[in-house]
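Right, one structure below, let's go through it.
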Amino acid sequence: MSVIPAALAAAAVLAGAGALAGIVLPYRLRIPAVGVLTAGVGVGGGTAGVAALGGSGWAGTFPGVLPLAGAAAAVDALAGLFIAVAGAVVAAVAVYGIGYAAGHGPHGLGSRTAQAVLPPFALTLVLVPVAASVSTFLALWELMALGSLLLVLAEHRERASVRQAGVWYAVMTHLGLVLLLAGLALFAAGAGGETFTALRAGAHTVPPAVRGLVFVLVALAFTSKAGALPLHAWLPRAHPEAPSPVSALMSAAMVNLGIYGLVRTGLDLLGGGPAWWWLGLIAVGGTSAVYGILQAAMASDLKRLLAYSTSENMGLVLIGVGASGLFAAYGDRPLAALALCAALLHVVNHSAFKALLFCAAGSVLRSTGLRDLDRLGGLRSRMPVTAAFFAVAALGAVALPPGNGFISEWLLLQSLIHGLAVPGVAVAVVLPLSVALIALSAGIAAAAFVKALGVGFFARPRSDRAASAEEAPILMLAGMGLLGAACAALALVPGLLGGSLDRAVGATGLPGGGAVSGGGLEVRLTGISAALSPVWVVAALTVALMAAVGLPRLYGRRRRRVNARLWDCGGGAPTPRMAYTATSFAEPLQRVFDDVLAPEQDLDVTPVRESAYLVERVRFQRRVSDRIEHRLYEPVLRALNTAGQSARRLAGGSVHRYLGYGFAGLVFLLLALAVGW
Amino acid sequence: MTGGLFTQLLDLACGAFLLAAVVVLWRRELAAIVRYFALQGVALAALAVLLGSHEARWDLVGVGLGIGVLRAGVLPYLMRRALSALSADGVHSEEVRETQPLVNVAASLLTAALLTLLAYAVARPLTELDPTPATRALPVGLAVVLIGFFVLVTRRRALAQVVGFLLLDNGITATAFLATSGVPLIVELGVSFDVLLAVLVLQILTARMRVAFGTTDIDDLRELHD
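Written out as structure tokens, the structure is:
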């Protein structure tokens, strides 16, 4: 028996035991037991994924599991990559979750329902890439959506906004499921089979128009799950309102599966397609990247900021996937492999730093009860370890060296820049544009995370609760430590992943061929003459930093130092209210992007009753709402509401009328039968 | 029993069965409606007994007799009791008549004719499958189902509604007998028990309605809507 089925079976058994433990055990025992079993699910999944990345594969069928079609499973290197990422995130977050839920009381995440749902949800995160037939995939996909929905709703007693977020998430995820169901059913009908093997074999017999429709439907569903525009509206609602470990799981593992589905169907099962598919995908990715990070830069809710940043990073990944498909459509397969490689590496990097960011935000939230950056501040001295972890992860998120996000964005830019050799007017326009978009989003990301770190953790506390914050318990720190170590490893020795990434790319039918190679210390691109050694970059940066910090100190020690009070222009000592808040920090950026963001301002001046010239009170309010959401969703919602209101007239309350509907329906049916026979 | 006699008797029973349903639409007196419903029960029982004796299946005859007891005896008795409770105080003489059906009597009779036509049209392919006397009578069962449903939709009094519901059920039972040459005892037992319980519950509801609203016109129940 090979490693993969054994590890997956162990994960499934542990998830079952975890669900049972969540239901049966009392509160004190429940959380550690469920946490340990969920971590076991993650370890099992991670083992299976790593084995698959190492080059072994597995396929199996289970005729009795699902009615009619049975379940089919297969693991190749591409699935292995996503399984390994999901497993690793689940394991680390489960450890973190024990500490998080323990102090929360038997409500919210510690409740029986939430604890019973957590292990199966973790299992579905690991198992979705294992599915090898349409029905298996859809069943696991839906189970994952339902599990995450229940977990998002865990704190519904505490805040009304949780319920609203739950409704949004439920509607959007099921809209996605409908699109997915339609697309995959169409594909299966055209290809003459519903297993992935049959789809792969029959894809070229499907007429091009149907293939295009299948791709559009499926891509809409998968990009919605990945949080890309225009079906992103659930993400900035559900991620902030879910308990933080759940946010971490959703943002670092679940959205990845949208990318997995897209790569699997678009590149593997459909076997690539015409250029317009991929140009559309690049457009969606580019818009999501810039729009997502702009909204993140404007957000003053810490978890909302992180959620929008997920939108941005998935946008970058979509650019990579789109570029890969585009290059493949023009026949440049080595470059396509490189672009896909960059996209997959960015998925891995994003999972590492985003899980850590959400965990750090979670420990801030747990300790202070605050998500509003405007009221945080000064946490560096009260929560030094959490602050350090947040800084490490933020460094990854801003895509600057020595963060781990830098490597994958560098790879992506390399592939796009060298793609100019590919012929075609559209390519010549789109590629430079996407390079610019990536650069712009990286710049705004720097602003967003400087804001999150600087305003949230440095300066002085701006509220009592921030001032009385306490460091997170040891298990939470341990979970964050695992993720921090992953971030550091990805930043320093990404070359170790080279072979695995090649195999994952090779599983889509593109030639792996060592697009990324090099030992532990170097990333070398074989198609293009480019190489990067992250360790040397880090070393050089460290030396430069030490020089920049150390030399002035050495120089300053020789001078005589006088400690005196800072000249304050006669205004008295500065108070915390004078410090930069998240809103004020973002204000210049918001002015620059005024036309895009269209913020709503509300200025309310109340004069003293005796004189109109003396102002008693000024109220200033500004809200940056999601403009795309307003323009796109509100007309649809209004139309639906109108239709619903007019449909209420059908149900007037008369029993006779209700009976009449049934009678008319029956007679109509019989008439149709009698005439149509 | 010769084939010719069997066919004639079967057609007679089916004719009576359909006619009783039509007469329920025609009459306004609730007491008369219950009486014709009992008559229909007799016709249905005769149908089952005829089919059973023709095929020499005595369990079917037993089922037929049981149906007769329930639908011509017990159910009409229960309804008459509800009716006498309604007319006991004598003040509301309107309560024992279907004064204002939603569709008037002449139109109801025309509709019944159309529904019967529809039933024959729909059942044509079924009878073509195996044209025996029993399957040729199949549309009668369907017609009674439709007429029963029509009574439910157009009659206001709670008791008339109960009769409509029971007509529907009679129609379903007749269709089952005619199409399948005999329903297993256990199935028929279950259905009959359901019907009996439904009538008991509806009888109680009718009494409650009268106590609460002073009338049994179900159009006064409008609190059901969202």
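Residue numbers (the numbering used here), protein chains in the order written: chain P, 1 to 677; chain V, 1001 to 1226.
Every residue, glycine too, gets a C-beta built ideally from N, C-alpha and C.
At a C-beta separation below 7 Å, V1163(V) has no neighbours in chain P, since its nearest C-beta there lies roughly 14 Å away. In this structure, the CA atom of H346(P) is about 10 Å from the CA atom of G396(P).
Just measuring C-alpha positions, the residue of V317(P), A19(P) and V290(P) sitting nearest V263(P) is V317(P). In the three-state reduction of the DSSP assignment, F620(P) falls in the strand class. Residues are counted here when their Cβ sits less than 7 Å from a Cβ of chain P; for the stretch 1018–1042 of chain V the count is zero.
Not one beta carbon of chain V lies nearer than 9 Å to the beta carbon of V263(P).
Sequence-distant Cβ neighbours of A1137(V) in its own chain, meaning closer than 8 Å and more than five residues away, are L1010, D1011, C1014 and L1178. Of the residues A547(P), V549(P), A228(P) and R304(P), the one whose Cα lies closest to the Cα of A248(P) is R304(P).
Contact between V1140(V) and I1033(V) is ruled out by a C-beta separation of about 20 Å, above the 8 Å threshold. Taking a C-beta cut-off of 7 Å against chain P, the contacting residues of the stretch 1110–1121 of chain V are L1118 and A1121, listed in chain order.
For I1218(V), the C-beta contacts it makes with chain P under 7 Å involve V655, in order along the chain. Only buried fits Y291(P), as 16 or more other CB atoms lie within 10 angstroms of its CB. DSSP lists E1029(V) as the bridge partner or partners of R1097(V). Using a Cβ distance threshold of 9 Å, V348(P) and G322(P) do not count as a contacting pair.
Contact residues of the stretch 1174–1206 of chain V toward chain P are absent (C-beta to C-beta distance below 8 Å). E470(P) sits in coil when the DSSP states are folded into three classes, being neither helix nor strand. Segment contact: the stretch 113–124 of chain P against the stretch 65–83 of chain P, fewer than three CB-CB distances shorter than 8 Å; contact not assigned.
Listed along chain P is no residue with a C-beta nearer than 8 Å to that of F1213(V); the closest approach is about 13 Å. In its chain, beyond the 5 residues on either side, G70, A71, A72 and A73 have a beta carbon closer than 8 Å to the beta carbon of T61(P). Taking a Cβ-Cβ cut-off of 8 Å, V167(P) has no neighbours in chain V, whose nearest Cβ is about 18 Å from it.
Inclusion of L326(P) and V427(P) in the CB contact set at 9 Å is warranted, their separation being smaller than that value.
Across the set L270(P), A226(P) and L127(P), the C-alpha of A226(P) shows the shortest separation from the C-alpha of I259(P).
Cβ-Cβ distances below 7 Å link A203(P) to A191, L269, L270 and G271 in the same chain, with the five nearest sequence neighbours on each side left out; the list follows chain order. When 7 Å is used as the limit between beta carbons, V1144(V) is near no residue of chain P, the shortest such separation being about 14 Å. Residues of the stretch 435–452 of chain P with a C-beta atom less than 7 Å from some C-beta of chain V do not occur.
Ranked by Cα distance from L357(P), the options G498(P), A391(P) and A132(P) are led by A391(P).
Listed along chain V is no residue with a C-beta nearer than 7 Å to that of G665(P); the closest approach is about 10 Å.
Under the criterion of beta carbons closer than 8 Å, P129(P) and A91(P) do not qualify as touching, at roughly 17 Å. At a cut-off of 9 Å, the C-beta of F1150(V) has a neighbouring C-beta in chain P.
Between M144(P) and the set L125(P), A436(P), S161(P) and T113(P), the nearest pair of CA atoms involves L125(P). The residue among R163(P), I417(P), W58(P) and F353(P) with its C-alpha nearest the C-alpha of S309(P) is F353(P). Rounded to whole angstroms, the Cβ separation of V89(P) and S351(P) is 6 Å, and the two are in contact under 8 Å. With 16 or more other CB atoms across the displayed protein chains lying within 10 angstroms of its CB, R366(P) is buried. Fewer than three Cβ pairs drawn from the stretch 1120–1133 of chain V and the stretch 1153–1160 of chain V lie within less than 8 Å of each other, which leaves the two stretches out of contact. Under the rule that a run must span 4 or more residues, no alpha helix (DSSP H) segment is found entirely inside the stretch 544–585 of chain P.
Taking a beta-carbon distance threshold of 9 Å, R1124(V) counts as an interface residue toward chain P.
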